[in-house]
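A.B. asks:
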Amino acid sequence: MKFERYGLGIAKGLSVTIRHLLRRPVTTQYPEQRLNPSRRTRGNELIWDKDKCTGCGTCAKACHIGAIHISTSTDLVNNKYEVKSYEVDTGYCIFCGLCVEACPFEALFMSYDYERAQYRRGDLVQGKEEMKETPERKVSGYFYPGRAAKLPKQSLLVDNDRGKR
Amino acid sequence: MTLALSGKDIAKQIEKKFPGGVVESAAESLLVEAESLLEIAAYLKNTPGLDFDYLTAVSGVDYLDCFEVVYQLTSLEHNHSLVLKTRCYQRDNPTLPSVVGLWRAADFQEREICDLFGISFTGHPNLKRIFLWEGFEGHPLRKDFL
Amino acid sequence: MAMTWLPPDWPGNFWAHWAIFAVIILVFVLLMVLMFIWFERRALAIMQARLGPNRAGPFGLFQPAADALKIMLKEDIVPAKGDKLVHWLAPVVAFVPVLLIFAVVPFRGGAILADLNIGILYILAISSVTTVGIFMAGWGSNNKYSTLGAMRQVASVVSYEMPVVLSVVGVILLAGSLSMQQIVAAQDIPFILLQPLGFLLFFIGALAEINRTPFDLTEADSELVAGFNIEYSGMKFGLLFLAEYGEALAISAIVTTLFLGGWRGPILPDWLWFLVKVGLVFFVIVWIRTTIPRVRIDQLMALAWKFLFPLALLNLLITAAEILVWPAVSLWVFVPVNIAIAIVLIVLWSKFFKLGWGKVEV
Amino acid sequence: MATTAKTKEIVVNTEPFVVNFGPLHPSTHGVFRMKITLDGEVIVDMEPVFGYLHRGIEKLGEERTYTQVIPLTDRLDYLASMSNNLAYCLAVEKLAGIAVPERAEYLRVIMAELQRIASHLIAVGSFLTDCGAFLTPVVYMIRERERILDLFDMVCGQRLTYNYMRVGGVSQDIPQEFMPALAKFLREMPGWIDEYERLLKENEILLARSKGVGILPRDLAIDIAASGPVLRGSGVKWDIRKADPYSIYDRFEFDIPTGTAGDCYDRYRVRVEEMRQSLRILRQAIKDLPRGEVRSEVPHLIRPPAGEAYGHIEAPKGDLGFYLVSDGSIAPYRFHVRAPTLINLTALADMIRGWKIADTIIIFGSIDICMGEVDR
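Residue numbers (the working numbering), protein chains in the order written: chain L, 4 to 168; chain G, 210 to 355; chain H, 843 to 1204; chain V, 2 to 377.
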């Protein structure tokens, strides 16, 4: 290597790294500090609104992997479809959000929460009861901006926000 | 703006040079006989007015009654492009002449078509399976594969 | 400045003295090496805008200890067709010389295990035994990458031994003796000022010998995956890892003793001066490791033979000439002269010298 | 035992040393294998082996409706899925003749250019780390990429597989806090790029390692139909955004950086300059972003008329094209992807021959491939 510039390039590079000693590191200590995900985040779960759902099955058709299994039965009392079983296999689901967009009755949402890992593969299949919207299982504002207002503001690295302790 | 040359007026030029070479020329593509593919391709590449020196893409399609290989050609100087097609009708051991001699870009793409469609290209330097392993029998992208 | 509160041969009998102080130095060196591993990982991390280990203990201080414990519990795989004996012996041959070097390093006023009068010669001799160990590691693992790595290590050490030894001779000329104590005693002016070119050559040569960036071709992780220590796991890998950091510590200690005036310093107690200077030199090594890309093997060799070696000879010539015309007034007059000579030589040499057969145009 | 044979000519036959830069190697950017025959350190011959990440995306595409194929295109070049979505949607719109509203066009350009910067950051970062600087460049550049991923997360909810663009526009409009965050990013980014330049641009060791190494001559680059920074590094001024402007790229003025010698250093320089040009485009796109609809009226199950179409865009890694054949049903009859990285690798054997092992990693790194797109 020609040292024509007598190591100036190397010196400049060294000056950049030494300057980083004075800057705050960028890492967030995950379990203690948490970053707020985006208000439209597609968390790893689906939330299903039982009363709005009419059992039309558009979401099952929209899913290109067939992760949604829905079976309806005829409810003779007030003469409309009644959803007998509604299961989403989050093991197959890739959280692309096509089903949420396809649902004509605003009954299906992505969840805002991303810590739904399970120990057994069987627990990944979400049954009817575990899909209701509860205070701790919030709905994400994906495709429905109206619901995004209640969620906390996203913490952006551009604003040097490294999450609260 | 890349000017997509229409198959018709190119066909007229080619008809004079290689009688019977052009099978059918639609508005945006030019279907040629498999046998005369190499001469036409060489003609397209070397004539000063056309200068198709850049083979953008080679794609294979299985139309059940025939295999079709589509060459998207572009000329960097004149900034115009052409779609050249050939067909081969036998299904058990389809073969087509390889254009690797003219454009080296076709090397991996022809190996891919041979791997996924089973069309063997004569004159290709090392025609081996590119994605699937040697022992795999059958060609997945054929419509009758499953 | 003898050790005041302990007579030199304290327990009377020589062997007892030797045994006690050998254990003390051994423990001290291993602790320093663990500290250095932690120091490098933290300094590297902060310079890369991240935190570095901070989970095991306060500020991650127990991280090296945790690593050492983990490595001891790991299974010790020996490659099937590898040369079993050579594979087993290699870490020992690589690690022991590193410990031997510390017998001669003056930690404090009188605190030196063996005050050999050929101190620096002993260090240069011992430090090249590690290369044999590393080559045995590369050869014994019957793995293509490790053989390549070992070959590279031998090539780089052979070609960098010359500039290192010649620059040390420059220091010896000035100090007048080979013993480390005398070298430190002779340094009223730190030799880095008197021998700037010598310091530069020694530092670059030493970096190549302990294969640290920019010369870490032996275990270049982007090319040879991990060079000679691919097939090592468990305690053997631990030994090789300790050998590498032990060598870095040894080189920092030698550079402090030869060029930065060892433990001599104005206010602070002398052992603290030694630690500060060693830490400083090690920080520069880590700093270089963060920023500078790796050199290719032929550039490494060409740099040694075409750039460092001639400059080392010239440096020796100039130092010898200065010794002859020893100034009456004081050595300080040499400092600007030597620095000017160093700069002129580097500029001149880099003008005519084209690495990469002249193809490389910058 | 004196050797009686007078001039017994000693034949030293050294057979070449075949090394596998195997699927599992720290610097093969994914599962790519090179069977390299070595003579000492010098490369004699190299044979690439593909297929370790072949998921048959083109076969999967044939069983899905036109909208369901979009999540598949995310997984082609997983470092630039916005550009994959854009290329696919353009091809379908060309096939079905669908018009895209103004605001959606501007949003698409903004997302594509942000994705170009993010992809180049990874490419340049890993190239410099392959040169040996211990992870520092790639850690700095990933920190900048993090800012872009935050913006994408804000818009479409995911950080890698966006599934943001739809046939006929984009799936959702941007939230209010997107614009201020993007403006802040555009103000800071040139400063960060200058810092990378100061870090390694004139570093003597990097120059010695990458200047004049792995030269791809101009006519060989055209012959193997290389595209993107690899082609422009060899001095060919060919960029689809200028040569065949798709969507609204003809409204922005930016220039195309090209190298001269076609070596690794030029390709690295072209990528860094392209990042600056993308910032220029983004500034213009922000200035005149119109209001209005983001998606034209397109049925969820589109049935384009029977026929074929080839749409291609300037993706970060090269000329990414989609060849779609439709038979009038809701699923594409044939869905072929023109992978720029697979074609850029055609000349890898010629570029590597004669150089040393350390150079193969640099040359391979400067081509910047992504195995998701190579193996499909």
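Using N, Cα and C, we set each Cβ at its ideal position, and we do this for glycine too. Predicted model, so just to flag it, every value in this text is computed and none were measured.
Give me, in chain order, the residues of the same chain whose beta-carbon lies closer than 7 angstroms to that of M845/H; leave out the 5 immediate sequence neighbours on both sides.
C.D. replies: A caution first: M845/H carries a pLDDT of 47, below 50, which makes its placement in the model unreliable, though a value can still be read off. Contacts found: G951, G952 and A953.
A.B. asks: In three-state terms, what does DSSP make of S327/V?
C.D. replies: Residue state, collapsed to three classes: strand.
A.B. asks: Along the segment 21 to 51 of chain L, where does the CB come closer than 7 angstroms to a CB of chain H? Name the residues.
C.D. replies: Per Cβ criterion, the list reads I21, H23, L24, R26, P28, V29 and T30.
A.B. asks: Return helix, strand or coil for K217/G, following the three-state DSSP convention.
C.D. replies: Looking at K217/G - three-state DSSP - the assignment turns out to be helix.
A.B. asks: Looking at the structure shown, is W51/L part of a helix, part of a strand, or coil, going by DSSP?
C.D. replies: Three-state result, W51/L: strand.
A.B. asks: Under the DSSP definition of a beta bridge, which residues are partnered with N21/V?
C.D. replies: N21/V is bridged to K36/V.
A.B. asks: Spell out a yes or no on whether the segment 281 to 295 of chain V and the segment 99 to 108 of chain V are touching, meaning 3 or more CB-CB pairs, one atom from each, closer than 8 angstroms.
C.D. replies: Verdict: yes, contact present.
A.B. asks: Pull up the DSSP beta-bridge partners for D78/L, would you.
C.D. replies: Partner(s): K83/L.
A.B. asks: Going by DSSP, which residues form a beta bridge with V299/V?
C.D. replies: According to DSSP, which records beta bridges pairwise, V299/V is partnered with nothing at all.
A.B. asks: Can a CB atom of chain V be found closer than 8 angstroms to the CB of L247/G?
C.D. replies: L247/G does not count as touching chain V.
A.B. asks: Within a Cβ cutoff of 7 angstroms, which residues of the same chain sit near K55/L, ignoring the five residues on either side of it in sequence?
C.D. replies: Excluding positions up to five away in sequence, the list reads F108, E109 and A110.
A.B. asks: Using only alpha-carbon positions, find the residue among G125/L, G166/L, V103/L and S158/L that is nearest to V142/L.
C.D. replies: Comparing Cα-Cα distances from V142/L to each of G125/L, G166/L, V103/L and S158/L, the minimum goes to V103/L.
A.B. asks: Using only CA atoms, which one of L129/V, V231/V, R167/V and V273/V lies nearest to G192/V?
C.D. replies: Checking every option, the nearest Cα to that of G192/V belongs to V273/V.
A.B. asks: Could you tell me the distance, in whole angstroms, from the CA atom of H67/L to the CA atom of L101/L?
C.D. replies: C-alpha separation (whole angstroms): 9 angstroms.
A.B. asks: Which one or two residues does DSSP pair with M352/V in a beta bridge?
C.D. replies: Its beta-bridge partners do not exist; DSSP assigns none.
A.B. asks: Under 8 angstroms, with one C-beta from each stretch per pair, do the segment 1171 to 1190 of chain H and the segment 1034 to 1042 of chain H reach the 3-pair mark?
C.D. replies: Contact holds: three or more Cβ-Cβ distances are below 8 angstroms.
A.B. asks: Compute the beta-carbon to beta-carbon distance between E42/V and I358/V, rounded to the nearest angstrom, for a pair I have assumed lies under 8 angstroms.
C.D. replies: With a Cβ gap of about 6 angstroms, E42/V and I358/V count as contacting.
A.B. asks: Just to make sure I have the definition right: I need the residues of chain V whose C-beta is within less than 8 angstroms of the C-beta of R1131/H. Which are they?
C.D. replies: Chain V residues near R1131/H: F135.
A.B. asks: Measure from the C-beta of L17/L to each C-beta in chain H and report whether the shortest distance is under 8 angstroms.
C.D. replies: Answer yes: the Cβ-Cβ gap between L17/L and chain H drops below 8 angstroms somewhere.
A.B. asks: Give the DSSP-derived three-state secondary structure of M210/G in the structure shown.
C.D. replies: Three-state DSSP puts M210/G in coil, outside helix and strand.
A.B. asks: What would DSSP say about P380/V, mapped onto helix, strand or coil?
C.D. replies: The question about residue 380/V has no answer, for chain V in this structure spans 2 to 377.
A.B. asks: Please list, in chain order, the chain L residues whose beta carbon lies closer than 8 angstroms to that of I888/H.
C.D. replies: Ordered by position in chain L, the residues that pass the 8 angstroms Cβ test against I888/H are H23, L24 and P28.
A.B. asks: Among the residues of its own chain, which have a CB less than 6 angstroms from the CB of E1051/H, if the five just before and after it don't count?
C.D. replies: Once the five neighbours on either side are set aside, the close Cβ partners of E1051/H are V999 and Y1002.
A.B. asks: Between G133/V and P1108/H, which are expected to be in contact by the criterion C-beta below 8 angstroms, what is the C-beta distance as a whole number of angstroms?
C.D. replies: Wrong, their Cβ atoms sit about 40 angstroms apart, outside the cutoff.
A.B. asks: For the segment 188 to 207 of chain V, enumerate the residues whose C-beta is nearer than 9 angstroms to any C-beta of chain H, in chain order.
C.D. replies: If the cut-off is 9 angstroms between Cβ atoms, the segment 188 to 207 of chain V has L200, L201, E203, N204, E205, I206 and L207 near chain H.
A.B. asks: Are the CB atoms of G166/L and N204/V within a distance shorter than 8 angstroms?
C.D. replies: No; because the gap between Cβ atoms is not below 8 angstroms, this pair is not in contact.
A.B. asks: Any beta-carbon of chain H closer than 8 angstroms to the one on R144/V?
C.D. replies: Answer yes: the Cβ-Cβ gap between R144/V and chain H drops below 8 angstroms somewhere.
A.B. asks: Shorter than 8 angstroms from the beta carbon of P303/G to some beta carbon of chain A?
C.D. replies: Within the model displayed, chain A is absent; protein chains L, G, H and V are what it includes.
A.B. asks: Measuring CA to CA, which of L208/V, Y269/V, S279/V and T342/V is closest to V110/V?
C.D. replies: For the residues L208/V, Y269/V, S279/V and T342/V, the minimum Cα distance to V110/V belongs to S279/V.
A.B. asks: Note down, in chain order, all residues in the segment 41 to 72 of chain V with a beta-carbon under 7 angstroms from any beta-carbon belonging to chain L.
C.D. replies: The segment 41 to 72 of chain V vs chain L, Cβ under 7 angstroms: R65, T68, Q69 and P72.
A.B. asks: In its own chain, which residues sit with a C-beta less than 6 angstroms from the C-beta of R117/V, not counting the 5 before and 5 after it?
C.D. replies: Result list for R117/V: S279 and P317, in chain order.
A.B. asks: Any idea which residues DSSP pairs S114/L with across the strands?
C.D. replies: For S114/L, which the question treats as bridged, DSSP gives the partners V142/L.
A.B. asks: If I measure Cβ to Cβ from P61/V and keep anything under 7 angstroms in the same chain, skipping five residues before and after, which residues do I get?
C.D. replies: Residue identity check: residue 61/V is Leu in the sequence provided, not Pro. Around L61/V: L73.
A.B. asks: Starting from the Cα of F354/G, find the closest Cα among L325/G, Q281/G, N335/G and S307/G and give me that residue.
C.D. replies: Measuring from the Cα of F354/G, the nearest candidate turns out to be L325/G.
A.B. asks: Using the Cα positions of M843/H and V947/H, report the straight-line distance between them to the nearest angstrom.
C.D. replies: Note that M843/H scores 41 on pLDDT, short of 50, meaning its location in the model is unreliable; the coordinates nonetheless yield the value given after this. Looking at the two C-alpha atoms, the distance is approximately 16 angstroms.
A.B. asks: In angstroms with no decimal places, state the Cα-to-Cα distance between K243/V and E254/V.
C.D. replies: K243/V and E254/V: Cα-Cα distance of roughly 9 angstroms.
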